[in-house]
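**Q** When we follow our numbering, the leftmost residue of the sequence shown carries the number 234, and every step to the right adds one. We put the beta carbon where it would ideally sit given N, CA and C, even for glycine. My questions will all concern the structure given below.
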Amino acid sequence: MSFLASLGALELGFIYSLVALGVFISFRILRFPDLTVDGTFATGGAVAALMISHGYDPFLSTLCAALAGAFAGAVTGWLNTKLGIMDLLASILMMTALYSINLRIMSGPNIPLIFNPTVFSVTQSEAMAEHIWRPVMLALIVLAVWLLTNLYFSTRSGLAMRATGANLRMARAQGVTTDRSIVGGMALSNAMVALGGALFAQSQGGADIAMGIGTIVIGLAAVILGESVLHVRRFILILLSVIIGAIVYRFFIALALNSDFIGLKAQDLNLVTALLVTVALVLPKLKKLIIKRDLNA
234 MSFLASLGAL ELGFIYSLVA LGVFISFRIL RFPDLTVDGT FATGGAVAAL MISHGYDPFL
294 STLCAALAGA FAGAVTGWLN TKLGIMDLLA SILMMTALYS INLRIMSGPN IPLIFNPTVF
354 SVTQSEAMAE HIWRPVMLAL IVLAVWLLTN LYFSTRSGLA MRATGANLRM ARAQGVTTDR
414 SIVGGMALSN AMVALGGALF AQSQGGADIA MGIGTIVIGL AAVILGESVL HVRRFILILL
474 SVIIGAIVYR FFIALALNSD FIGLKAQDLN LVTALLVTVA LVLPKLKKLI IKRDLNA
């Protein structure tokens, strides 16, 4: 794999680490099977691309994209907590609605950003090449999100959210407003996903209606791979393992697609993704079987 391909994999790894952090909040902290992310990833890209193409500041556009994702996630949580719709079904309903909403936002299937300023171009120094600056800037963004996320979950509100996911009845008995925690957690989760979508659109030169397809699988793969790579208990390190999982996942994908002897092509991306997720799910079970066999030997 070439140096440029490695930088591209690292760049996408940082972008999808934001998605993985969002998926981690919904699936691991809140125990909420959220498929909304397939829609909010595209929503983030659509809102950012629309605003940038109309001359708005790229950073303001990216912030608005994250807020749009937060609103969509909050609606999913509201459908579940206030209307009593099952969590999985509520997320499917929102994901389905977002497909049409995204088409409305873009007034079509895509918005190009080839000649428009982005958060990367407006901050780039002449002393650093673009293909190097983008991973560096994304690393700084992910670092900030990682630290702020850990800081938030150390607050009273964040601890209440963690308690809600750990034991809903016990959290209610302790006076936690669980409905608010679920809605807030879903908003935070999808804000991160939409932020990733906004950065993805600016990195790849445009937003597309199909850019969010399979996002949930990528997020889950990153979370599972991260947990397999790092076995940690401290919350800040658990968040770090999710980020590492996303980067490792993208490198595996890039390595598989750039290895000529395997013979895989771009259209095999979903197949490779499915195989990686399967391996990540099976590995922990294989480890347990090997340890059990060694103990019985």
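Is it buried or exposed, V355, if we count other Cβ atoms within 10 angstroms and call 16 or more buried?
**A** Counting Cβ neighbours within 10 Å, V355 comes out exposed, since fewer than 16 surround it.
**Q** Just to check my reading of the structure: A269 and S324 have Cβ atoms closer than 8 angstroms, yes? What is that Cβ distance to the nearest angstrom?
**A** A small correction: the amino acid at residue 269 is Thr; Ala does not occupy that position in the sequence shown. Indeed they touch by this definition, with Cβ atoms about 5 angstroms apart.
**Q** Taking just the CA atoms, how far does F247 sit from V409?
**A** C-alpha separation (whole angstroms): 34 angstroms.
**Q** Would V352 and M327 qualify as a contact pair, given that the criterion is a beta-carbon distance under 7 angstroms?
**A** Cβ atoms of V352 and M327: not closer than 7 angstroms.
**Q** Taking V204 as the reference, give the member of L251, F433, A399 and L245 with the closest Cα.
**A** This structure cannot settle anything about residue 204, because the visible part of the chain is limited to 234 through 530.
**Q** Among the residues of its own chain, which have a CB less than 6 angstroms from the CB of F257, if the five just before and after it don't count?
**A** Contacts found: V456 and V475.
**Q** Taking Cβ positions, are A489 and V515 nearer each other than 7 angstroms?
**A** For A489 and V515, no; Cβs fall outside 7 angstroms.
**Q** For S294, does the count of other Cβ atoms within 10 angstroms reach 16, so buried, or fall short, so exposed?
**A** Flag for S294 reads buried.
**Q** Please work out which residues of its chain come closer than 7 angstroms, Cβ to Cβ, to G398, disregarding the five sequence neighbours upstream and downstream, and give them in chain order.
**A** Once the five neighbours on either side are set aside, the close Cβ partners of G398 are I262, L263 and R264.
**Q** Residue ranges of each alpha helix (DSSP H) run of no fewer than 4 residues wholly in the stretch 282-357, ordered along the chain?
**A** Complete alpha helix (DSSP H) runs here, min 4: 291-314 and 320-339.
**Q** Candidates L472, A513, F468 and L473: which alpha carbon is nearest Y482's?
**A** Nearest of L472, A513, F468 and L473 to Y482, Cα basis: A513.
**Q** Name the two residues that bound the continuous alpha helix (DSSP H) containing A443.
**A** Looking at the DSSP string, A443 is not in any alpha helix (DSSP H), and its letter there is neither H nor E.
**Q** If you draw a straight line from the C-alpha of M319 to the C-alpha of N313, how long is it?
**A** Straight-line Cα distance between these residues: approximately 6 angstroms.
**Q** Quick one: what does DSSP say G272 is sitting in, helix, strand or coil?
**A** Of the three classes helix, strand and coil, the one that applies to G272 here is helix, per DSSP.
**Q** What are the start and end residues of each continuous alpha helix (DSSP H) run of 4 or more residues lying completely inside the stretch 468-523, in chain order?
**A** You should have 468-490.
**Q** Under a Cβ-count criterion, where at least 16 other Cβ atoms within 10 Å of its own Cβ denotes burial, should I523 be classed as buried or exposed?
**A** When all chains shown are included, I523 counts as exposed.
**Q** Based on Cα-Cα distance, which residue from L346, R402 and E359 lies nearest to Q284?
**A** Here residue 284 turns out to be Met, not Gln, going by the sequence shown. Per the Cα distances, L346.
**Q** Does the count of Cβ pairs from the stretch 270-282 and the stretch 465-480 closer than 8 angstroms reach three?
**A** No, because fewer than three Cβ pairs between the stretch 270-282 and the stretch 465-480 fall closer than 8 angstroms, the two stretches do not touch.
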